[in-house]
Amino acid sequence: MTDSGKCAFVLGIELVGGPDGSVAMCQRRYVDDILKRFAMDECKAVVNPVDMSTRLVPSDAATKVNAPFREAVGALMHLMTATRPVIAYAVGYVSRFMENPQEEHWAAVKRIFRYLQGTKTHGICFKPGNKIDFLRL
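For the sequence shown, the tail end lands on 854 under our numbering, and the numbers increase by one without skipping.
What follows is the structure in structure tokens.
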């Protein structure tokens with residue numbers, strides 16, 4: 718076994734150690750990858766992952782949106798559980814419509830992607846003691 722130095726990436730999570738013993742976790746590369754996969758890598762950023770003025774409702778329509786809705790929500794769930802709990806409400810909200818997604822549901826997922834575009838470098842910082850902070854790397 719050899720020492721390769723400080724760990725920079727673990728399972729796609731970027732780790733940055735601070736001088737005070739803190740460790741910051743970020744998934745910038747994963748965000749870039751999912752934005753590219755869903756053709757949102759050139760989108761404009763928004764400041765909130767959810768538009769509170771829009772109410773999403775289930776649909777009984779026989780047609781579904783022609784978009785990779787389930788795949789996108791799954792990718793967002795992975796990001797949410799690993800380093801971005803701030804998108805948990807938005808992802809949970811759109812995941813309610815997995816059975817029969819419509820165009821307005823896909824638009825809500827794309828809004829989450831636009832939020833991620835502007836916050837790619839955000840993550841979680843674990844500090845010595847009991848304090849956890851959200852930060853931008």
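Glycine is no exception: its CB is placed at the ideal position from the N, C-alpha and C atoms.
Could you name the residues of the same chain whose beta carbon sits closer than 6 Å to that of residue i, not counting the 5 residues immediately before and after it, in chain order?
i    : result
Q819 : S776 and V782
K837 : R745 and V748
Return the bridge partner residues of residue i from the DSSP annotation.
i    : result
F755 : Note: F755 sits in no beta bridge, so no partner.
F726 : E731
Short check: CB of residue i to CB of residue j, under 8 Å?
i    : j    : result
E759 : Q744 : no
R831 : K761 : yes
V763 : V790 : no
D750 : P845 : no
F755 : P785 : yes
A825 : L773 : yes
A807 : P766 : yes
Near residue i, which residues of its chain fall below 7 Å by C-beta distance, leaving aside the five closest residues on each side in sequence?
i    : result
L833 : V748 and L752
Could you tell me how far apart the beta carbons of residue i and residue j are, in whole angstroms, since I believe they sit closer than 8 Å?
i    : j    : result
M757 : R787 : Incorrect: roughly 16 Å between the Cβ atoms, too far for contact.
G735 : K723 : The pair is not a contact, with the Cβ atoms about 12 Å apart (cut-off 8 Å).
Ordered along the chain, which non-local residues of its own chain (more than five positions away) have a Cβ less than 8 Å from that of residue i?
i    : result
T800 : I730, M742, C743, Q744, G840 and I841
E821 : T771 and L773
- List in chain order: all unbroken beta strand (DSSP E) runs of 3+ residues lying wholly within the segment 785-831. none
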